[in-house]
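Please read the structure below before turning to the comments.
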Amino acid sequence: MLLRELLDELLTSLETGPLVTAVRHFDAKPAVFAPFPSSLDPRIVESLKARGVRQLYSHQAKAFETVAKGDNVVVVTPTASGKTLCYNLPVLQALVQQPESRVLYMFPTKALAQDQLAELGLLAKTLPDMRMFTYDGDTPQDARRVVRARANLVLTNPDMLHSGILPHHTKWVNLFQNLRYVVIDELHAYRGVFGSHLANVLRRLKRICRHYGSAPQFIMASATIANPRELAERLTGEAVAELAESGAPTGEKVFLCYNPPVVNPELGIRAPYLGEAAKLAARFLKQKVATIVFCQSRLATEVVLASVKKAVEDKTGDAGMVRGYRGGYLPLRRREVEHGLRAGEVLGVVTTSALELGIDIGHLDLAVLAGYPGTIASLWQQAGRAGRRSGQSAAILVATSSPMDQYLAAHPDYLFGAAPEHARINPENPFILVNHLKCGAFELPFAVDEPFGGDVGKHLEALHEEDLLHRAGDRFHWTSETYPADHISLRTVTSDNFLVIDTTARDARHTKRRQIIAEVDWKSAFAMIYPKAIYLVEGEPFEVQELHYREDEEKVAYVKGVVVDYYTDAISAKGVWILQRLARQETPGLLAEQGEVLVAEKVVGFKKIKMGTLENVGSGEVELPQQEMQTTSVWLTLDPALLRRVSPSRDELLDGLRALTRLLHHLAPLFLLCDIRDVGSWLGDGSPSEAGVVVTRESAWARLLQASEFTPTIYLYDNQPGGIGLAERIFQVLPDLLRRGLETIAGCRCSSGCPSCVGPVNEVGRRAKPVALALLGRLVPRR
Amino acid sequence: MRPYPALSELAQVVRRLEAKSRHRPSGGASLEQLLGGAIEETEHGRVLLVRRRFALPHHHGGQDLSHARQIASEPLQLLARSDMPPPGGDRLLYLDTETTGLAGGTGTYAFLVGVGFFDGDGFEVRQYFMRDLDEEPALLAALEALFRSFDGFVTYNGAGFDLALLETRFVLARRRWLGDRFHLDLLNPARRLWSERLDDCRLGTLERHVLRFTREDDLPGALIPSVYFDYLRTRRPAELPRIFEHNRHDILSLAALTGWVAAAVGRAPALDLCPEEMAGLGRIWEGTDLERGLACYRMALERGLGSPGRERLLFRLARWEKRLARWDEARALWQAAISIDRGFDPRPWEEIAKLYEHRQRDFTAARGVVEDALSRARLHRASERVLGAFEHRLDRLTRRLER
Chain P
0 MLLRELLDEL
10 LTSLETGPLV
20 TAVRHFDAKP
30 AVFAPFPSSL
40 DPRIVESLKA
50 RGVRQLYSHQ
60 AKAFETVAKG
70 DNVVVVTPTA
80 SGKTLCYNLP
90 VLQALVQQPE
100 SRVLYMFPTK
110 ALAQDQLAEL
120 GLLAKTLPDM
130 RMFTYDGDTP
140 QDARRVVRAR
150 ANLVLTNPDM
160 LHSGILPHHT
170 KWVNLFQNLR
180 YVVIDELHAY
190 RGVFGSHLAN
200 VLRRLKRICR
210 HYGSAPQFIM
220 ASATIANPRE
230 LAERLTGEAV
240 AELAESGAPT
250 GEKVFLCYNP
260 PVVNPELGIR
270 APYLGEAAKL
280 AARFLKQKVA
290 TIVFCQSRLA
300 TEVVLASVKK
310 AVEDKTGDAG
320 MVRGYRGGYL
330 PLRRREVEHG
340 LRAGEVLGVV
350 TTSALELGID
360 IGHLDLAVLA
370 GYPGTIASLW
380 QQAGRAGRRS
390 GQSAAILVAT
400 SSPMDQYLAA
410 HPDYLFGAAP
420 EHARINPENP
430 FILVNHLKCG
440 AFELPFAVDE
450 PFGGDVGKHL
460 EALHEEDLLH
470 RAGDRFHWTS
480 ETYPADHISL
490 RTVTSDNFLV
500 IDTTARDARH
510 TKRRQIIAEV
520 DWKSAFAMIY
530 PKAIYLVEGE
540 PFEVQELHYR
550 EDEEKVAYVK
560 GVVVDYYTDA
570 ISAKGVWILQ
580 RLARQETPGL
590 LAEQGEVLVA
600 EKVVGFKKIK
610 MGTLENVGSG
620 EVELPQQEMQ
630 TTSVWLTLDP
640 ALLRRVSPSR
650 DELLDGLRAL
660 TRLLHHLAPL
670 FLLCDIRDVG
680 SWLGDGSPSE
690 AGVVVTRESA
700 WARLLQASEF
710 TPTIYLYDNQ
720 PGGIGLAERI
730 FQVLPDLLRR
740 GLETIAGCRC
750 SSGCPSCVGP
760 VNEVGRRAKP
770 VALALLGRLV
780 PRR
Chain U
0 MRPYPALSEL
10 AQVVRRLEAK
20 SRHRPSGGAS
30 LEQLLGGAIE
40 ETEHGRVLLV
50 RRRFALPHHH
60 GGQDLSHARQ
70 IASEPLQLLA
80 RSDMPPPGGD
90 RLLYLDTETT
100 GLAGGTGTYA
110 FLVGVGFFDG
120 DGFEVRQYFM
130 RDLDEEPALL
140 AALEALFRSF
150 DGFVTYNGAG
160 FDLALLETRF
170 VLARRRWLGD
180 RFHLDLLNPA
190 RRLWSERLDD
200 CRLGTLERHV
210 LRFTREDDLP
220 GALIPSVYFD
230 YLRTRRPAEL
240 PRIFEHNRHD
250 ILSLAALTGW
260 VAAAVGRAPA
270 LDLCPEEMAG
280 LGRIWEGTDL
290 ERGLACYRMA
300 LERGLGSPGR
310 ERLLFRLARW
320 EKRLARWDEA
330 RALWQAAISI
340 DRGFDPRPWE
350 EIAKLYEHRQ
360 RDFTAARGVV
370 EDALSRARLH
380 RASERVLGAF
390 EHRLDRLTRR
400 LER
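Okay, here's the thing in structure tokens:
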């Protein structure tokens with residue numbers, strides 16, 4: 000059956016029709032072609048023709064010409080618009096025509112680098128002298144020497160460039176002497192603190208290039224964000240041309256919002272969205288519609304996958320057509336799924352945002368988004384995964400019962416009208432900058448007046464003061480025994496991974512043989528592989544027996560295969576405690592303080608949830624260590640008298656304060672030039688009774704309501720361990736931040752709360768908006 | 000009105016003045032005098048050079064340095080495992096560096112480079128020293144000129160450290176690195192010879208146990224970077240002579256040890272070595288002159304090599320005898336390995352059983368061996384896999400006997 004008919008059926012059926020809250024049609028757009036540029040090497044043209052490419056899309060030709068002119072460029076075109084040719088063509092041209100040229104590709108993940116290497120390999124098969132290698136944490140030691148000596152195209156990631164390549168630049172003389180292009184794909188991933196780090200890594204890269212006499216051109220590609228050119232220029236410190244006009248054709252497209260049915264009208268409870276997403280996917284898969292399902296977590300992926308497989312199996316008896324894909328699967332399994340999708344052997348895939356990035360999986364007909372992915376940019380990126388160049392495709396957003404999703408389901412115009420997010424970075428953050436100056440000095444002495452982004456004389460002097468640098472003549476030299484890059488991580492996550500080992504696995508001869516079935520990163524480990532947890536791999540359940548997490552142990556979870564009809568979902572708790580007060584400012588009604596805090600989080604238990612019906616069928620407790628982070632924070636304590644004047648009801652005040660916390664958290668990144676995830680927030684108590692004991696969010700609020708003294712405190716803290724100055728900055732700009740908050744609420748046209756101001760009304764309560772407005776009105780001095 | 004300069008600015012002024020005056024320290028002895036050196040001019044500036052000559056024969060601990068000079072080309076090539084023609088003893092540079100750290104990468108400096116070589120009737124040690132980090136170009140220029148007049152290097156862990164670091168410094172300074180030189184890294188033969196007997200194979204350890212040389216008031220290597228950093232900051236050179244002394248001892252030990260190893264290799268199998276050293280010599284020879292290597296092994300066993308090295312060597316030797324089809328010798332060695340009652344190693348049992356079953360077709364004898372092996376294996380609680388393999392073999396032998 001055609002996708003169109005299936006969609007019609009969905010829309011007109013009495014059962015499902017009313018659940019679709021919005022339908023948007025996007026017209027097909029014809030291709031805009033351009034001939035191969037006359038300067039394009041005939042051997043490359045041949046290779047393209049051999050792969051069936053007879054002409055280019057206009058943006059590909061334009062990118063080639065822009066690069067040929069010598070300009071840096073950022074290409075911003077939709078998923079599957081042939082973006083990679085935009086950088087591969089000029090790169091291959093350089094390598095074919097000037098064999099001594101070198102090129103560096105950078106991807107945010109190792110998997111993407113692998114994927115690109117494969118694609119390049121196909122294109123370059125018939126071209127002379129192509130020596131392309133990945134160089135990352137997975138490259139074996141003995142292979143590294145070969146790559147350094149031979150490669151003319153190196154694919155790597157920012158972390159490897161930072162700690163493995165730049166500090167050893169003398170081993171890469173050939174690369175740095177002849178570096179022609181630096182290609183950075185997935186540019187939008189480099190926002191916030193991560194992006195601020197990358198900007199400094201690129202400053203170091205350019206410095207090393209200057210030393211060896213090269214000045215590479217930057218070719219970048221980004222998903223749709225509000226400010227791609229600004230981001231590209233801030234990251235590279237160069238003028239960059241933006242290319243946003245896609246010449247690729249798009250087929251006709253339909254976007255649907257689907258709100259699961261109400262199953263308990265008294266309580267307003269809707270059917271579980273995961274089940275609904277699975278049902279929808281199965282409905283289309285049974286009719287052989289190639290479908291991708293995006294879930295918001297790894298656990299959700301497994302739960303949906305299990306139900307989809309079960310539903311599809313009934314019909315065809317073969318569920319191998321549907322696969323799972325997420326971080327944590329071993330690389331081999333992931334490659335298998337990617338290949339299966341491209342070859343059409345895999346009809347459906349259930350995934351996390353892992354497949355949102357540029358990995359080539361061919362073309363799919365339908366994208367089911369199980370829940371709003373959190374940003375407008377991600378939403379369109381995921382929806383864009385479904386899309387034929389001709390013919391119809393569709394995307395369905397299945398709303399969760401979260402207030403955010405319910406708001407979007409009820410106000411689809413908001414969704415279609417919202418601009419994608421800004422990607423903000425702040426390379427001048429002194430904590431980040433100074434760290435990279437250390438790395439830079441290690442790599443090459445700094446001339447006393449040498450700029451690094453801007454003037455860094457003061458910073459160098461400070462490092463000198465601390466004896467990390469030594470001045471000899473007119474240069475600062477690194478004088479410490481340490482290797483600074485080892486102590487500076489570009490991402491907040493640690494690299495420690497847990498191996499998940501199945502102790503019940505058997506080999507082909509049925510002898511027991513322990514087998515690694517997955518890898519889990521440190522941050523997710525405590526929420527996924529706690530003892531007694533059900534850990535799912537492609538829908539297959541394993542029960543965790545032991546988790547080894549102590550510092551002196553190898554990080555391992557031992558699991559055994561089990562037959563169960565439930566899965567587990569972790570319950571976590573949190574707390575924030577003031578360790579040291581460093582600064583305070585008092586204004587009428589408000590005491591703002593800044594200092595050090597301890598943020599603790601802990602998995603305290605889990606719920607057992609029945610597969611299929613998704614009902615709660617039990618729970619358990621978990622004994623795990625608390626994850627603690629010492630960092631810097633700002634905290635705001637409101638004068639009780641002011642609170643009483645705004646409302647006599649603690650309930651109402653609490654709603655207003657929750658709204659205010661969320662609002663300030665969402666607005667702070669505007670002032671800090673960081674990502675929203677770089678900041679954390681918490682509404683708690685100024686003087687919590689039990690220091691060090693974490694509680695769930697709900698019980699923290701309950702405690703506030705019941706306490707003899709009502710002393711709510713809003714924390715806004717720096718989400719990097721130790722802090723990178725974000726809290727100090729919030730403290731400085733606090734009056735502006737509060738004023739901006741007031742303007743935001745006052746200027747928002749929603750009736751009682753929406754995602755753009757205090758949050759969706761069901762999340763914060765009906766009186767939250769006016770209460771927050773009243774609070775801010777009293778805190779912000781009249782101009 | 001111009002504000003009065005802040006304290007930090009003043010501190011900066013003071014530091015600048017200090018820095019300007021540092022090359023001509025006022026009062027007291029000059030650095031050259033303190034270290035007994037002289038300034039050398041290069042095309043890239045000046046560097047401090049300290050020279051010492053040791054008239055030959057010179058004994059370093061119990062070893063005369065002259066032995067290194069007489070090193071024959073065969074053992075030299077063998078030890079270096081190099082295809083390059085080995086240079087004569089006078090054409091080698093014994094090299095050791097003192098650095099600002101062990102981290103490697105581009106931010107570690109070799110601030111003192113010591114080299115030793117035979118010249119006329121003596122052994123000369125030259126030490127090139129950067130009085131400040133901006134003297135590196137001069138130091139590298141002086142080194143390059145010196146390197147050009149020699150044909151090869153002898154180092155201790157130079158492949159992994161000293162030469163690798165110098166290469167980094169040369170490349171960083173955009174100088175050509177004379178990389179394709181003959182290089183004997185003594186660490187590799189030292190590991191073969193002494194890793195069984197000594198706790199570690201650091202040069203200092205070998206110095207004490209092999210060369211019988213004791214340093215007095217030696218500056219521990221781990222403190223060297225901080226002593227140098229301290230000197231850079233304070234310009235107080237009092238501790239520097241200890242770094243030079245440390246480096247000089249390293250170079251003398253390197254030459255002495257080269258003499259020791261070369262002599263041992265040349266005379267192998269020689270009676271005056273301990274069994275572990277003899278086994279190590281066997282490993283050194285094994286690749287090029289098998290019979291000579293095996294002779295070393297046999298002598299190591301005869302001279303009472305202890306466990307667990309003994310079992311390992313018995314097995315290694317037996318494997319060679321087997322490859323050479325000397326079955327009786329091989330069986331005797333496996334049997335010797337079995338008769339050492341320490342733990343349970345299935346391999347010699349398997350080998351003997353295979354020998355009886357496949358080569359001599361004596362299934363009864365083979366079954367006897369396997370039965371013994373099984374009872375020993377159970378006694379030592381061997382793993383399922385090991386037991387399974389022997390049981391499998393036993394079944395097959397039983398079937399063959401029943402036929």
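So the protein lines, in turn, are chains P and U. Just so you know, numbering that gives the first Met the number 0 puts 767 at position 768 of the first sequence, and the rest follows in order with no gaps. Just so you know, numbering that gives the first Met the number 0 puts 303 at position 304 of the second sequence, and the rest follows in order with no gaps. Just so you know, even glycine gets a beta-carbon here, dropped at the ideal spot from N, CA and C.
Inclusion of P248/P and K28/P in the CB contact set at 7 Å is warranted, their separation being smaller than that value. Listed along chain P is no residue with a C-beta nearer than 9 Å to that of G151/U; the closest approach is about 22 Å.
For Y557/P, the enclosing beta strand (DSSP E) covers residues V555 to G560.
At a cut-off of 7 Å between beta carbons, G303/U makes no contact with chain P. Listed in chain order, the beta strand (DSSP E) elements of length 3 or more contained wholly in the region 221-307 of chain P are 239-242, 252-257, 261-263 and 290-293. Comparing alpha carbon positions, the residue from A277/P, H58/P, P41/P and Y56/P closest to V321/P is A277/P.
For G106/U, the nearest CB of chain P lies under 7 Å from its own CB, placing it at the interface with that chain. Contact holds between the region 459-479 of chain P and the region 434-445 of chain P, because three or more Cβ pairs, one in each stretch, are under 8 Å apart.
Listed along the chain, the chain P residues whose CB falls inside 7 Å of the CB of P224/U are E480. By the Cβ rule, the region 351-366 of chain P counts as touching the region 110-126 of chain P, because three or more pairs are nearer than 8 Å. Remark: C-beta atoms of V145/P and Y134/P do not approach each other more closely than 7 Å. Rounded to whole angstroms, the separation of the alpha carbons of R325/P and V345/P is 15 Å.
For the options F217/P, P780/P, A369/P and K309/P, the alpha carbon positioned closest to that of P259/P is the one of A369/P.
A471/P belongs to the set of residues whose beta carbon lies under 7 Å from a beta carbon in chain U. In this structure, DSSP gives S57/P a helical state, which the three-state scheme calls helix. Taking the Cα positions, V536/P is about 17 Å away from G611/P.
What L231/U touches in chain P, judged by beta-carbon distance under 7 Å, is H469 and T478, going in chain order. Using beta-carbon distances, G44/U does not count as an interface residue toward chain P, since no partner is under 7 Å.
For the 7 Å CB-CB criterion, E99/P and N177/P form a contact. Using a C-beta cut-off of 8 Å, the region 39-58 of chain P makes contact with the region 79-91 of chain P, since at least three inter-stretch Cβ pairs fall below that distance. Just so you know, the alpha carbons of R191/U and G367/U end up roughly 38 Å apart. For Q391/P, the closest of K252/P, D412/P, T350/P and H410/P by C-alpha to C-alpha distance is K252/P.
Remark: C-beta atoms of R179/P and A79/P do not approach each other more closely than 7 Å. As DSSP reads the structure, M403/P sits in no beta bridge. At least one beta carbon of chain U lies nearer than 7 Å to the beta carbon of F441/P.
In this structure, the straight-line span from the alpha carbon of I528/P to that of A484/P is close to 31 Å.
Around the beta carbon of M129/U, 16 or more other beta carbons lie within 10 angstroms, which makes this residue buried.
Secondary structure within the region 360-398 of chain P: the beta strand (DSSP E) runs of 3 or more consecutive residues, fully enclosed, are 365-369 and 392-397 (chain order).
The CB of V385/U never comes closer than 9 Å to any CB in chain P; the least such distance is about 13 Å.
In this structure, L273/P lies near V302/P, with their beta-carbon atoms less than 7 Å apart. Not flagged as an interface residue toward chain P: G281/U, since no C-beta distance is shorter than 7 Å. The contact set of D340/U on chain P, defined by CB atoms closer than 7 Å, is empty, because the minimum CB distance reaches about 31 Å. Two segments are said to touch when three or more pairs of C-beta atoms, one from each, lie closer than 8 Å; by this definition the region 138-156 of chain U touches the region 169-178 of chain U.
With respect to the 7 Å criterion, A222/P and V73/P are not classified as neighbours on the basis of their beta carbons. A contact is defined here as three or more CB-CB pairs under 8 Å, and the region 543-558 of chain P meets this definition with respect to the region 495-503 of chain P.
T65/P is not bridged by DSSP to any residue.
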